[in-house]
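Each protein sequence line maps, in turn, to chains A and B. Per this note's numbering, residue 834 is the first one in the first sequence, and the count goes up by one each step. Per this note's numbering, residue 834 is the first one in the second sequence, and the count goes up by one each step.
There are 2 protein chains.
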Amino acid sequence: MADRNEQRARVAETLVDHVLATGLSQVSVRQLAAAAGISDRMLIYYFDNKNNALSEVLMAAAMRMEAMLNASLPPDAGLPRAALFGVLTEAFRDEDTKLFMALWIEIIAKSLREPEPYGPVATRIALFFLDLMTDRVEGQTREERRRNAGLVFAAIDGMAMIEACLPEDETAPMREAVAAAVASGS
Amino acid sequence: MADRNEQRARVAETLVDHVLATGLSQVSVRQLAAAAGISDRMLIYYFDNKNNALSEVLMAAAMRMEAMLNASLPPDAGLPRAALFGVLTEAFRDEDTKLFMALWIEIIAKSLREPEPYGPVATRIALFFLDLMTDRVEGQTREERRRNAGLVFAAIDGMAMIEACLPEDETAPMREAVAAAVASGS
DNA sequence: TGTCTGATGTAGCGACCGCTACATTTGCTA
DNA sequence: TAGCAAATGTAGCGGTCGCTACATCAGACA
C-alpha cells in the first residue's frame, strides 16, 4: 500500500493539469478523483475534504507557474519595467501559460465570494509572484522595486481581463498603450 | 394576472441586487426565484431557462452600473487619462460600487470556461464601458481616445484584481505607481 | 502465526441542481 | 355567460453534490 502523504503529493501534482484544463467551477470531488485515477472515497481520505485538496492543488499550480516564469525571465536583477512587462506579455502568448492566467482570474473571482479556501490561496499566490518580480525589476530601493513590480503585475492582470473578452483587433492597440505607460512614468 | 414581459423586466431588475450580493457561483434557479419572490417554476416560465435569466440580469446590472458612472463622471469630453482614472478609482472606493467590480471579475472568470452565456455578456459589457470612456477621455483622434480608454480600463481592472487579494498597505503604493504611469506615457 | 493498524472498496445518505408534466386558476373575449 | 388561452401552483424526475458508514484487506510486528 502506498503511503498517504506520498499519494497526496502525487495526486495533487496530477490534478494541477486537470484544474488547469477544466477550471474551478467544474471541480467536484468525484471529478477530481476520476482525473487522478482514484475513488472519491480515497481523495477525501488523502486530503480530508474538498477545500484542502483544492488548496494543495492550487498551490502546486503556482509552483509550476513559478518554474515556467523562472525559465522565461532573464535571471538578472534590475530589469527595466518595460522589459519585465514585455517578457511576461510574451510568455502569456503561449496557450499553456494562458491557462495559468485563466486559473488566476478564477481564483480571484472565487475569493471575492468564498474567502475559504480561496482568499488565503489568492493572497499567497499574489505575494509569491510579486516577490518574484520585486527581485528582478529595476529600482533604487526595495520600496521602489515593489511599486514597479506592482505596476507590472496590475498591467499584466488588467490586460489579461480585457483580452478575455475582447477580440485581438481591440486589444492590440491597448496593449501598446499599456506598454508605453509602463515604460514611462515615475 | 401580470403580463409575462412586464414580469420579466421587473424580476430581472430585482435580481440585480441579489446577484450583486451573492455572486455568480451561488445562483441557482431556486435561489433566484426565492429572491424574486416567485416560484422556480415561474422563473423558468418567464425566461425559458437559467442562462437566459442570468444574461438579462447581468445586462440589467451593467445598465445600472452605467447610471452610477454617469453620475460620478464629469459630463465633459476630453478628460485627461489621469483624471478619468482618478474619478473611477474614487468611485470604486464605495462598497456598493465594489460589488459591481466583483461581479465583473466573476463574469470574466466564468466566460473563460463557459462561453455560453458569459462570453457574449462579457464582450457586451466591456464594449459598453469602453465606449463610455472613449467618449470622455482626451485624444486627438478616435483611435487615440480608444487607446487611452483601454489603458484606463486595464489599469482599473488590474488594480481591482490586486486589491481583491492584497491588503491596503501593499496596494496603496501600487495604486500610486499605476496612477503615475497612466498620467504619463505616450 | 496471530493480531492490529492503516489503506482501500462498496454503497448510499440527504441535499440541491435544472427542468418538466400536469392540473388548476385567472381574466379576456365572443 | 361560456369558452379559451395565458398564467400559476404542485409535485417530482433524473442527476450531481460533499461526505460517511461499514466491511475488507494488506502488511508490520509480537
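Virtual Cβ for every residue (Gly too), placed ideally from N, Cα, C. For clarity, every value in this text was computed on a predicted model and none was experimentally measured.
Query, Result
"In chain B, what lies closer than 8 Å to residue 991 of chain A by C-beta?", "986, 987, 988, 989, 990, 991, 992 and 994"
"Decide if residue 988 of chain B is buried, meaning its Cβ has at least 16 other Cβ atoms within 10 Å, or exposed.", "buried"
"Kindly indicate which residue of B:839, B:1001 and B:1015 has the alpha-carbon position closest to the one of residue 880 of chain B.", "B:839"
"In or out: residue 923 of chain B buried (at least 16 other Cβ within 10 Å) or exposed?", "exposed"
"Which of helix, strand or coil does DSSP assign to residue 970 of chain A?", "strand"
"Using a Cβ-Cβ cut-off of less than 7 Å, list which residues of the region 891-915 of chain A approach chain B; keep chain order.", "none"
"For residue 853 of chain A, which option in A:900, A:934, A:906 and A:947 has the closest C-alpha, if you only look at C-alpha atoms?", "A:934"
"Hey, could you find the ends of the alpha helix (DSSP H) residue 918 of chain B is sitting in?", "914-924"
"Taking 7 Å as the limit between beta carbons, can you name the residues of its chain near residue 943 of chain B, skipping five residues before and five after?", "857 and 951"
"Would you call residue 939 of chain B buried or exposed, if buried means 16 or more other Cβ atoms sit within 10 Å of its Cβ?", "buried"
"How big is the Cα-Cα spacing for residue 875 of chain B and residue 866 of chain A?", "37 Å"
"Using CA coordinates, which residue listed in B:966, B:958 and B:937 is at the minimum distance from residue 919 of chain B?", "B:966"
"Give me the Cα-Cα distance between residue 886 of chain A and residue 890 of chain B, rounded to the nearest whole angstrom.", "33 Å"
"Check this for me: beta carbons of residue 1007 of chain B and residue 912 of chain A, under 8 Å apart or not?", "no"
"Which class does residue 859 of chain A belong to by DSSP, given the choice of helix, strand or coil?", "coil"
"Check whether the Cβ of residue 884 of chain A lies closer than 8 Å to any Cβ atom in chain B.", "no"
"Residue 964 of chain B to residue 841 of chain A, Cα distance in whole Å?", "49 Å"
"Three or more C-beta pairs closer than 8 Å, one from the region 955-963 of chain A and one from the region 992-1010 of chain B: is that the case here?", "yes"
"Check the Cβ of residue 1011 of chain A against every Cβ in chain B and list those closer than 7 Å, keeping chain order.", "984 and 987"
"Would you say residue 1010 of chain A and residue 980 of chain B are within 8 Å of each other, going by their C-beta atoms?", "yes"
"Which chain B residues sit within Cβ distance under 8 Å of residue 945 of chain A?", "856, 935, 938, 939 and 997"
"Assign residue 929 of chain A to one of two classes, buried (16 or more other C-beta atoms within 10 Å of its C-beta) or exposed (fewer than that).", "exposed"
"List the whole-angstrom C-beta distance separating residue 868 of chain B from residue 1012 of chain B, where the pair is believed to meet the contact cut-off of C-beta under 8 Å.", "With 8 Å as the limit, residue 868 of chain B and residue 1012 of chain B do not qualify as a contact, their Cβ atoms being about 38 Å apart."
"In whole angstroms, what separates the C-alpha of residue 846 of chain A from that of residue 884 of chain A?", "16 Å"
"Going by beta-carbon coordinates alone, are residue 1015 of chain B and residue 900 of chain A separated by less than 8 Å?", "no"
"Starting from residue 884 of chain B and walking both ways along the alpha helix (DSSP H), at which residues does that stretch end?", "883-905"
"Please report the distance separating the alpha-carbon of residue 970 of chain A from that of residue 904 of chain B.", "39 Å"
"For residue 932 of chain B, which option in B:850, B:921 and B:837 has the closest C-alpha, if you only look at C-alpha atoms?", "B:850"
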